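Okay, so the sequence shown: first residue is 1 according to the UniProt record's numbering, each after it adds one.
Even glycine gets a Cβ: it sits at the ideal position worked out from N, Cα and C.
Note that the coordinates shown come from a computational prediction; the quantities given were computed from them, not determined experimentally.
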Amino acid sequence: MTTRNILRELRSAELQRRAFLGLAGVGGALTLASCATGAPAASGGAGGGAAVAGGLFRIGTEGGDAAALLDPHKSFGDRMNSFICASFYEQINIIGNSGSITNVLAEELTPNETGDVWTLRIKEGVEFHHGKTLDADDVIFSIERILDPELGATARSQFTQIKTMKALDANTVELTLKSPMSWFDLNIADGGIMGLVPVDFDLENPVSTGPFKLVAYDKNGLVQFERFDNYHGQVASFDELEIHGIVDDDTRINALLSGQLDAAKIPPIQAARVEAGTGYLTTDAPTSYIFPLTMKVNGDGPFSNVDARQAMRYAIDRQQVLDAVYGGRGRVASDIYGAFDPNLDTSLQRSQDLTKAKELAEKSGLTTAGTIPLTVTASYEPLAKVMAENAKEIGVDLRVDVLQPGEYWADNPGDKWDFSAEGFPLTHVLPMAALADGPEPGFNMTGFSDDEFNEAFEQASLTMDPDEQAAAVKRLQEIQFERGGFIVPVYTNTVYGYNEKVVGMIEEDASGLGINRSFNSLAFAE
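Below is the structure:
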C-alpha cells in the first residue's frame, strides 16, 4: 500500500499523527515531481533549479480534528478548515501580498461621487469547477448568503451596509448602500468573504472558481485536490494538491523533515530547527496577522473594569512574547490592529511597566479576584503561558485552560470566555473594526461596544476625503488603545518550512494568507 493510500484510510486525527511518525517505513517517500502537460511551470522563490510542471504537492497545516463542512462563509471553527477554505474559494478582490487591493474575480469595483452606490463588474468567462460560468446572479446569491442571519457568517457585519443589489447585466452588479461607505472596496477585500459560490451551491459537494478542484475531504485530517485546467488565471503547475491537518507541531515538522510533506506551517520558534535540516528552507514574511489575547469587557467579569484591562496590557512582556513564542519572527505591537494600514498610528506605544500594572491590578481588584481562567486552544498555549507568568509578577493568578477546538468554539466563545485568544488576519483598521468591535460586529470576542468608537467609525465611512478619514481612523485607534479589550503583543511573520526543491514560495505576505492564494504559482525544481 502506498503512503498516500495509507493517509486516505486514516479516519482519526490521533491515528494520523501516530502514522506520520512511521510512514517512511511502510510506504516510502512520495515522488516530488512527475510529468504533466498543459500546465505552465512556476518561477521565482527561494528554491533552487528550473521549475518543471506536474507532481503532487503536500502541505501540512494546523488543526484537522473538527468535522466541519467546507463553508466559505463561516470557516473559523478550526484552523485546518479555515486554511482549506482560504485556499479553495476565491473572492471579489483581496489584499494582495504587498498590502494593496488586488482584483481576483472583479474586473473593477467603483463608487459614485458620494460612495453610496458601487458598481461591480466581474471578469467574463470565469468557470466554476462543475462547469457553470460565474455571473451576476452568483455574486448576489453569495452576498445574500453571507447576510442571512441564520447562517452566522463571519463577514456578515462587513455587508450589512448593503441596502439593495441589482444585476445590470450578466457581469455587472449595482450595490446600493444604506449610507455612504467610502472604503467599501477595502471592506470586501479585507473582510473575510472567503469566496463567491454559484447559485446552485451544494455544501456537501462544494465547487469554486479556484485553480484546484476538490477530490476528497476526510474531515479528520486530509483534503485532496486536482488541478483545474479551465482556471481563469495562471493554471497550476502541480497535478495534485493535498492539505494535511496535523494538530501536533512536532509531528508536522517531523513529517516535513522526513520527506512526507513538501511544506508545512511551523511555529516560528522552531524555524531554526527546520533550517538546520539538509535541503529545507523557511519563509519569513511580515504580515498584519495578530493573535490577540481577548478580554471580555461587558458583563460583570474581571475585565469589565478598564483599569483591569490596562493592568494586563502593561503586565505583558511583548519582547518575551516575540522571542519565546514567535522566535523573533515578527514585530512588537502595542495593542493596535491594522499593521498595513497607511493610517496606522505608530505614536501609540506601550511596553511592559510592572509598577503601573500592579497599581492598576490592585485598584481594579484583580489581585483579590482569585484564580482567573485564561481559556485557549493548543495553538495559543505558549502565548497564554507567557501572559500567566507576567501576571504572576503583579500578583494576578491566571490559570491556563487548554481546550480542543470543538469544545472551545461551542456556544460562541465571544459570549463564553472572560479571557481567551484568537487570530485575525485583517490588514487595515476599518475592516477589523467592522468585524470585531464596530456598530454591528460579526465576531466580537471582547463584547466591546463604545458610542464614541461607533461615531468615529461612521465618520470614517461617510467621508470621501482621505484626510478626514485618516483623522477618524486615528481616533478609532486611540479609543482601542485607551479602553479596548485586545492585548496585541506582536505582529507575526508567516513562517512555513519547505523542501528546497519547491520554487515560487511567497516572499511578501501582508494578509497572512499569501500561501493559500499562491498554490498555482508554485512548482518543483528539476
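| query | DSSP puts V376 in a beta bridge; with which residues? | reply | For the purposes of this step, residue 376 is taken as residue 376 along the sequence shown, with counting starting at 1. Answer is V402.
| field | Which residues DSSP lists as bridging V197, in chain order | value | Position 197 of the sequence shown, counted from the first residue, corresponds to residue 197. According to DSSP, which records beta bridges pairwise, V197 is partnered with nothing at all.
| query | Which whole runs of the alpha helix (DSSP H) in the segment 257-288 are 4 residues long or more, in chain order? | reply | If we require 4 residues or more, the alpha helix (DSSP H) runs fully inside the segment 257-288 come out as 271-275.
| request: Using alpha carbons as the reference points, say which of S420, A311, Q161 and Q158 lies closest to Q352. | output: By 1-based counting over the sequence shown, the position of residue 352 is 352. That would be A311, whose Cα lies nearest to the Cα of Q352.
| query | Thinking just about the alpha-carbon of each residue, which of V223, D239, G221 and L222 is nearest to the one in D229? | reply | As a working note, residue 229 is residue 229 in the sequence shown. In terms of Cα proximity to D229, the closest of V223, D239, G221 and L222 is D239.
| query | Under the rule that 16 or more other beta-carbon atoms within 10 Å means buried, what is M80, buried or exposed? | reply | Counting from one through the sequence shown, the residue named residue 80 turns up at place 80. Counting Cβ neighbours within 10 Å, M80 comes out buried, since at least 16 surround it.
| task | Just confirm the distance between the C-beta atoms of F128 and L134, as a whole number of angstroms; I'd bet it's less than 8 Å. | result | The count along the sequence shown starts at 1 and reaches residue 128 at position 128. The count along the sequence shown starts at 1 and reaches residue 134 at position 134. At roughly 7 Å, the Cβ-Cβ gap stays under 8 Å, so F128 and L134 are in contact.
| So what's I146 in DSSP terms, helix, strand or just coil? | Within the sequence shown, the letter at position 146 stands for residue 146. Of the three classes helix, strand and coil, the one that applies to I146 here is helix, per DSSP.
| request: Could you have a look at D509 and say whether DSSP puts it in helix, strand or coil? | output: Taking the sequence shown and counting its residues from 1, one reaches residue 509 at position 509. If DSSP states are grouped into helix, strand and coil, D509 belongs with coil.
| said: Contact defined as beta carbons within less than 8 Å: I believe N298 pairs with S449. What is the distance between those atoms, to the nearest angstrom? | reply: Residue mapping note: residue 298 aligns to position 298 of the sequence shown, counting from 1. Residue mapping note: residue 449 aligns to position 449 of the sequence shown, counting from 1. Yes, N298 and S449 are in contact; Cβ-Cβ is about 7 Å, under 8 Å.
| said: With the cut-off set at 7 Å, would you say V126 and H232 are in Cβ contact? | reply: Locating residue 126 in the sequence shown gives position 126, counting from the first residue. Locating residue 232 in the sequence shown gives position 232, counting from the first residue. Cβ atoms of V126 and H232: closer than 7 Å.
| request: Go ahead and label E422 buried or exposed: buried means 16 or more other beta carbons lie within 10 angstroms of its beta carbon, across all protein chains shown. | output: By 1-based counting over the sequence shown, the position of residue 422 is 422. Counting Cβ neighbours within 10 Å, E422 comes out buried, since at least 16 surround it.
| For T110, which beta-bridge partners are listed by DSSP? | Mapped onto the sequence shown, residue 110 falls at position 110. Answer by DSSP bridge pairing, in chain order: T119.
| Hey, would you say P198 sits closer than 7 Å to D116, going by beta carbons? | In the sequence shown, residue 198 corresponds to position 198, counting from 1. In the sequence shown, residue 116 corresponds to position 116, counting from 1. No; because the gap between Cβ atoms is not below 7 Å, this pair is not in contact.
| To the nearest angstrom, how far is it from the Cα of I92 to the Cα of A106? | Position 92 of the sequence shown, counted from the start, is the residue given in the question as residue 92. Position 106 of the sequence shown, counted from the start, is the residue given in the question as residue 106. So the alpha carbons of these two residues sit roughly 5 Å apart.
| message | Below 8 Å, how does it come out for the segment 501-510 and the segment 279-292: are there three or more Cβ pairs, yes or no? | response | Here the segment 501-510 makes contact with the segment 279-292; the two share three or more CB pairs at distances below 8 Å.
| field | A510 to P373 span [Cα, whole Å] | value | In the sequence shown, counting from the first residue as 1, residue 510 sits at position 510. In the sequence shown, counting from the first residue as 1, residue 373 sits at position 373. In a straight line, the C-alpha of A510 is about 33 Å away from that of P373.
| Nearest-angstrom Cα distance between L168 and Q158? | By one-based count along the sequence shown, residue 168 stands at place 168. By one-based count along the sequence shown, residue 158 stands at place 158. Roughly 23 Å separates the two Cα atoms.
| message | Restricting to Cα atoms, I'd like to know which of G330, R156, G131 and A388 is closest to G191. | response | As a first step, residue 191 must be located in the sequence shown, where it is residue number 191. When only C-alpha atoms are compared, the closest one is R156.
| task | Inspect the CB distances between the segment 327-340 and the segment 263-273 and report whether three or more fall short of 8 Å. | result | Yes, the segment 327-340 touches the segment 263-273.
| query | By a C-beta neighbour count over all protein chains shown, 10 Å radius and 16 as the cutoff for buried, is M194 buried or exposed? | reply | Against the sequence shown, residue 194 aligns to sequence position 194. By the 10 Å Cβ count, M194 comes out buried.
| said: Here's a check: name, in chain order, each residue in its chain whose Cβ is nearer than 8 Å to the Cβ of I162, leaving out the five neighbours to either side. | reply: Working through the sequence shown from its first residue, we reach residue 162 at position 162. Cβ neighbours of I162 within its own chain (closer than 8 Å, five residues either side excluded): I143, L147, L175, T176, L177 and K178.
| Counting pairs of beta carbons, one from the segment 426-446 and one from the segment 329-348, are three or more of them closer than 8 Å? | yes
| Could you give the distance in angstroms between the alpha-carbon of residue 529 and the alpha-carbon of N390? | In the structure displayed, the chain extends from 1 to 526; residue 529 sits before or after that span and is not available.
| DSSP state of V306, grouped into three classes? | Counted from its first residue, the sequence shown places residue 306 at position 306. Looking at V306 - three-state DSSP - the assignment turns out to be helix.
| query | For G514, does the three-state DSSP call read helix, strand or coil? | reply | Against the sequence shown, residue 514 aligns to sequence position 514. Coil.
| task | Under 8 Å by Cβ, that's how I've got L56 and E242 pegged, so tell me the actual separation to the nearest angstrom. | result | Numbered from 1 along the sequence shown, position 56 holds the residue referred to as residue 56. Numbered from 1 along the sequence shown, position 242 holds the residue referred to as residue 242. Contact flag correct, Cβ pair sits at about 7 Å.
| said: Need the endpoints of the beta strand (DSSP E) that S420 sits in, please. | reply: Numbered from 1 along the sequence shown, position 420 holds the residue referred to as residue 420. Per DSSP, S420 belongs to the beta strand (DSSP E) from F419 to A421.
| query | Using the C-alpha atoms, what's the distance from F443 back to D307? | reply | The count along the sequence shown starts at 1 and reaches residue 307 at position 307. The count along the sequence shown starts at 1 and reaches residue 443 at position 443. C-alpha separation (whole angstroms): 24 Å.
| field | With 16 other Cβ atoms within 10 Å as the buried cut-off, status of S518 | value | Walking along the sequence shown from the start, residue 518 turns up at place 518. Its Cβ being crowded by 16 or more others within 10 Å, S518 is buried.
| request: Tell me whether R331 sits in a helix, a strand or coil according to DSSP, three-state version. | output: Position 331 of the sequence shown, counting from 1, holds the residue named residue 331. The answer is strand: DSSP assigns R331 an E or B state.
| query | Can you list, in chain order, the residues of its chain whose CB lies under 8 Å from that of F141, leaving out five sequence neighbours each side? | reply | For the purposes of this step, residue 141 is taken as the residue at position 141 of the sequence shown. These residues qualify, in order along the chain: V197, P198, V199 and F201.
| query | In chain order, which continuous runs of the alpha helix (DSSP H) of length 4 or greater are located wholly inside the segment 444-506? | reply | 451-462 and 466-483
| task | Would you kindly work out how many angstroms separate the C-alpha atoms of Y496 and L398, rounded to a whole number? | result | Along the sequence shown, read from residue 1 onward, the residue named residue 496 stands at position 496. Along the sequence shown, read from residue 1 onward, the residue named residue 398 stands at position 398. Their backbone Cα atoms lie some 32 Å apart in a straight line.
| said: Below 8 Å on the Cβ atoms is my contact criterion, and I expect F457 with A433 to pass it. Report the Cβ-Cβ distance as a whole number of Å. | reply: On the sequence shown, residue 457 is found 457 positions in, with the first residue counted as 1. On the sequence shown, residue 433 is found 433 positions in, with the first residue counted as 1. With a Cβ gap of about 6 Å, F457 and A433 count as contacting.
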